[in-house]
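Right, one structure below, let's go through it.
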Amino acid sequence: MSDRLLPPHTPDCMGCGPNNAAGLQMQVHLTDDEVYTDIVFDSRHVGAPGLAHGGAVSAACDDLFGFTLWIARRPAVTRSLTVEYLAPVTLGQTHRITARIVKESGRTIHVAATGTNSSTTCFTASAIFIEVPAEHFIRHGGPGNPAIEALLNTLSTIDTHTREM
């Protein structure tokens, strides 16, 4: 099994951006047919006392799903996202979230994820992504925006050459 650390979507991304102090700062790895991150939810992500807020868990899943596009090799955006909470997601504990593509059909990409701590599956998630042209991000994010330029640069590396590990 190959394992490769992927670059963040953008430096300021709420999920994976290293420059976003309020974000999740996820580091995402690509294996042959999955992406994963090991995340520790902390006091910035509190919901009920001692537990991660469901929105933080959902955001982590959505951001990780965005990295499955390295496997699909095409840009896409979230159409729908569902999270099933199966057990408490404890603050301060490492949770591994693993995501994979389940099905591709036309412009539609179906993805699924599982979030586990050392011994328990705490949540599962699924989403539908819709392929868009790279210009979608310029049209909706603003031309000349440095973050858009960084994202487009990342998107340009999602091709068959990047899968060589």
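Heads up: the sequence shown begins at 183 in this note's numbering, then just goes up one per residue.
The C-beta atom is built at its ideal place from N, Cα and C for all residues, glycine as well.
Closer than 8 Å by C-beta to residue i: which residues in its own chain qualify, once you throw out the five before and the five after it? Chain order, please.
i	result
Leu188	Val210, His211, Leu212, Val217, Phe249, Trp252
Pro315	Pro257
Gly199	Pro190, His191, Thr192, Pro193, Gly205, Gln207
Glu286	Ala254, His292
Who are the Cβ neighbours of residue i in its own chain at under 7 Å, not counting the five residues just before and after it?
i	result
Ile312	Ala258, Val259, Arg261, Arg289, Thr290
Phe305	Val239, Val265, Glu266, Tyr267, Leu268, Val271, Gly297
Asp224	Leu273, Gly274
Less than 7 Å between the C-beta atoms of residue i and residue j, yes or no?
i	j	result
Thr302	Ala269	yes
Leu206	Ala234	no
Ala295	Ile283	no
Gly232	Leu273	yes
Ala281	Phe247	yes
Just the Cα atoms here: how many angstroms apart are residue i and residue j?
i	j	result
Gly229	Gln275	15 Å
Ile320	Cys195	16 Å
Pro328	Gly197	18 Å
How would you label residue i, buried or exposed, when you count the other beta carbons within 10 angstroms and need 16 or more for buried?
i	result
His322	exposed
Asp382	Only positions 183 to 347 of the chain appear in the structure, and residue 382 is not among them; the question remains open.
Asp245	buried
Got a sec? Which residues, its chain only, sit under 6 Å from residue i by beta carbon, not counting five neighbours each side?
i	result
His227	Ala234, His235, Ala238
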